[in-house]
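In the numbering used here, the protein residues as written are 2 to 159.
This report concerns only the one structure given below.
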Amino acid sequence: KRERDYHKKMKQLSEALKEATKTQGSGGMRELKDSVRDAERLQEDAHKSVEKAVARAQEAHDLMVELSEEVDRLREKANTAHTRLTRSKREADLLHGQYIVSLRCIHSIQDMMKAMESREKKEEEYDGEEKVEVTDLMSRLMSGDTLSTDELMALRRN
2 KRERDYHKKM KQLSEALKEA TKTQGSGGMR ELKDSVRDAE RLQEDAHKSV EKAVARAQEA
62 HDLMVELSEE VDRLREKANT AHTRLTRSKR EADLLHGQYI VSLRCIHSIQ DMMKAMESRE
122 KKEEEYDGEE KVEVTDLMSR LMSGDTLSTD ELMALRRN
């Protein structure tokens with residue numbers, strides 16, 4: 002804006018200089034030359050201000066690009082960490098499922114052992130009862146089914 006004002010003023014002064022040269026001679030020339038020098042100084046100051054503004058704008062742009070690259074790097078790092086988290090969660094869920102199956106097996110075995118101990122104590126009472134097939138009970142136990150106390154005791158007897 003200052004440069005435009007300067008050019009406008011320079012044009013006016015140039016026209017005034019031509020006019021004064023025709024009418025006044027050398028006396029009015031000095032004032033016009035001083036006015037032209039003042040206008041040139043104003044134009045130079047305005048130009049320096051523009052150059053400073055351009056430099057600041059370039060610095061801001063460079064910083065913006067640098068920050069954008071940093072954001073991209075951090076986003077990639079976060080995505081990688083999230084992928085690892087998801088994979089770890091799936092693995093943990095799988096292991097937890099296996100743990101639950103293991104607990105069921107342990108509880109079934111403990112129930113079998115209790116039934117065996119109980120049967121040893123009361124063996125005489127159960128002599129007349131019907132015997133259950135051992136292979137059938139074992140296959141049910143291995144498939145993850147829970148056996149009743151009676152079935153466990155029958156398994157122990159056989």
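Every residue gets a Cβ at the ideal spot worked out from N, C-alpha and C, and that includes glycine.
Between the CA atoms of residue 145 and residue 105 - distance to the nearest angstrom: The residue given as residue 105 occupies position 104 in the sequence shown. The residue given as residue 145 occupies position 144 in the sequence shown. One C-alpha to the other measures close to 7 angstroms.
Do you know how far the Cα of residue 53 is from the Cα of residue 6? Indexing the sequence shown from 1 puts residue 6 at position 5. Indexing the sequence shown from 1 puts residue 53 at position 52. Going by the C-alpha atoms only, they are around 19 angstroms apart.
I need the boundaries of the alpha helix (DSSP H) containing residue 136, first residue and last residue. Counted from its first residue, the sequence shown places residue 136 at position 135. In the DSSP assignment, residue 136 falls within the alpha helix (DSSP H) that extends over 135-143.
Report all residues from its chain with a CB closer than 7 angstroms to the CB of residue 151; omit the five preceding and five following residues, and keep chain order. As a first step, residue 151 must be located in the sequence shown, where it is residue number 150. Hits under 7 angstroms: none found.
What residue does the alpha helix (DSSP H) around residue 151 start on, and which one ends it? Numbered from its first residue, the sequence shown carries residue 151 at position 150. Taken as a continuous stretch (DSSP letters only), the alpha helix (DSSP H) holding residue 151 covers 150-158.
What's the gap between the Cα of residue 69 and the Cα of residue 75? Walking along the sequence shown from the start, residue 69 turns up at place 68. Walking along the sequence shown from the start, residue 75 turns up at place 74. Going by C-alpha positions, residue 69 is about 10 angstroms away from residue 75.
If you drop the 5 nearest sequence neighbours on each side, which residues of the same chain put their C-beta closer than 6 angstroms to that of residue 3? The count along the sequence shown starts at 1 and reaches residue 3 at position 2. Residues 47 of the same chain have their beta carbon placed closer than 6 angstroms to that of residue 3, with the five preceding and five following residues left out of the count.
By the 10 Å Cβ neighbour count, where 16 or more other Cβ atoms means buried, how is residue 143 classified, buried or exposed? In the sequence shown, residue 143 corresponds to position 142, counting from 1. Result: exposed.
Rounded separation between residue 90 and residue 99 - CA only: Translated into positions along the sequence shown, residue 90 becomes position 89. Translated into positions along the sequence shown, residue 99 becomes position 98. Just so you know, the alpha carbons of residue 90 and residue 99 end up roughly 14 angstroms apart.
Roughly how many whole angstroms lie between the Cα atoms of residue 14 and residue 51? Here residue 14 refers to the residue found at position 13 when the sequence shown is read from its first residue. Here residue 51 refers to the residue found at position 50 when the sequence shown is read from its first residue. Rounded to whole angstroms, residue 14 to residue 51 spans 24 angstroms at the Cα level.
DSSP state of residue 73 mapped onto helix, strand, coil: Walking along the sequence shown from the start, residue 73 turns up at place 72. Looking at residue 73 - three-state DSSP - the assignment turns out to be helix.
Below 8 angstroms CB to CB, which residues in the same chain sit around residue 139 once its five sequence neighbours on both sides are set aside? Here residue 139 corresponds to residue number 138 of the sequence shown, with the count starting at 1. 156, listed in sequence order.
If you count every other CB in all the chains shown that lies within 10 Å of the CB of residue 61, and 16 or more means buried, which is it? Your numbering for residue 61 matches position 60 in the sequence shown. Burial is judged here by how many other beta carbons sit within 10 angstroms of a residue's own beta carbon; residue 61 has fewer than 16 and is exposed.
Is it the case that the Cβ atoms of residue 1 and residue 40 are separated by a distance below 7 angstroms? In the structure as shown, the chain starts at 2 and stops at 159, and residue 1 therefore has no counterpart that could be examined.
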